[in-house]
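In terms of the UniProt record's numbering, the sequence shown opens at residue 1 and continues consecutively.
Before any comments, here is the structure.
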Amino acid sequence: MRSQPPRATLMLGVGIAAAFVLFGVAGQSDTGALLGGFIPARIGGPPMPDALPVWLTPLSATMLHGGILHLVFNLMMLGYCGKETEVALGPAALCLLYVVGAYAAAAAQFIADPHATIPMIGASGAISAIVGAYAILYGQRRASTLPPNVARWVHIAWLAAAWTGLQLLVGFASRLDGMAIAAAAHIGGFLAGLVMARPLLRFRYRQA
């Protein structure tokens with residue numbers, strides 16, 4: 001029996017790439033980032049003329065990218081992890097992971113720097129939720145003498161700690177090079193994926 005093509009993964013990838021091309025051709029990438037990117041300082045602050053409502057910007061920000069390398073890396077991660085995660089959880093669950101990951105990423109970035117005025121853009125946080133789900137679904141656990149439920153949460157804790165440490169190192173290195181990477185957003189999205197993966201898997205097969 002052939003598996004269904006990863007329609008949701010393809011749809012998200014095409015949408016992200018199309019938005020990048022459209023804004024680039026129109027020469028509005030910087031304007032798009034300002035009006036559609038997530039700006040933590042906007043929460044509780046005065047409204048920005050012409051900007052999208054702040055509650056919508058965690059999602060709109062995922063359609064905006066700062067350059068071709070940023071875009072290509074995110075599409076590679078989405079394609080690799082999204083396909084397998086969609087096979088396990090289904091297209092609706094994949095889209096839910098993406099949306100919840102986007103808001104979890106924005107929340108983490110707000111907690112880390114609530115007064116930041118630089119727009120956070122890119123699908124990295126949302127895709128981190130898919131990566132987190134992929135890690136839980138396909139990551140091999142070591143043999144353990146702990147009870148199964150305890151071992152599962154220890155496995156989740158190790159994955160979360162490893163991803164957090166990696167993102168903090170990437171964030172530190174990027175600052176040394178004069179770049180800004182939203183490490184907190186990546187951590188927030190990944191944690192959302194870790195937490196959601198098993199419940200989504202159980203829900204899917206309960207409905208089967």
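We put the CB at the ideal spot given by N, CA and C, even for glycine.
Beta-carbon proximity list for residue i, same chain, < 6 Å, skipping 5 on both sides
{"i": "alanine 106", "result": "Phe38, Pro58"}
{"i": "tyrosine 103", "result": "Pro58"}
Separation of residue j from residue i, as counted between CA atoms
{"i": "alanine 135", "j": "arginine 42", "result": "33 Å"}
{"i": "alanine 8", "j": "arginine 198", "result": "19 Å"}
{"i": "leucine 71", "j": "isoleucine 127", "result": "12 Å"}
{"i": "leucine 56", "j": "proline 119", "result": "13 Å"}
{"i": "phenylalanine 110", "j": "glutamate 86", "result": "29 Å"}
{"i": "threonine 117", "j": "arginine 206", "result": "44 Å"}
{"i": "glycine 125", "j": "glycine 27", "result": "25 Å"}
{"i": "alanine 88", "j": "isoleucine 187", "result": "23 Å"}
Reference residue i; option with closest CA among the options
{"i": "glycine 45", "options": "Met120, Pro114, Gly122, Tyr103", "result": "Pro114"}
{"i": "isoleucine 68", "options": "Val21, Ala129, Ile118", "result": "Val21"}
{"i": "methionine 63", "options": "Ile118, His186, Val14", "result": "Val14"}
{"i": "leucine 137", "options": "Gly82, Ala183, Val25", "result": "Gly82"}
{"i": "leucine 191", "options": "Pro5, Ala108, Tyr80", "result": "Ala108"}
{"i": "glycine 132", "options": "Leu200, Met48, Pro47, Pro5", "result": "Leu200"}
N- and C-terminal bounds of the alpha helix (DSSP H) containing residue i
{"i": "alanine 65", "result": "Here residue 65 is histidine; the residue named in the question, alanine, does not match the sequence. From DSSP, histidine 65 is part of no alpha helix (DSSP H); its letter is neither H nor E."}
{"i": "alanine 33", "result": "29 to 36"}
Neighbourhood of residue i by C-beta distance below 8 Å, restricted to the same chain and skipping five residues each side
{"i": "leucine 52", "result": "Leu35, Gly36, Ser60"}
{"i": "leucine 78", "result": "Thr9, Leu12, Gly13, Ile16, Ala123, Ile127, Ile130"}
Residue i, buried or exposed, once every other Cβ within 10 Å from all chains shown has been counted against 16
{"i": "leucine 194", "result": "buried"}
{"i": "methionine 196", "result": "buried"}
{"i": "glycine 32", "result": "buried"}
{"i": "alanine 184", "result": "buried"}
{"i": "alanine 182", "result": "buried"}
Sequence-distant residues of the same chain with beta carbon closer than 7 Å to residue i, five excluded per side
{"i": "valine 54", "result": "Arg42, Ile43"}
{"i": "glutamate 84", "result": "Tyr134, Tyr138"}
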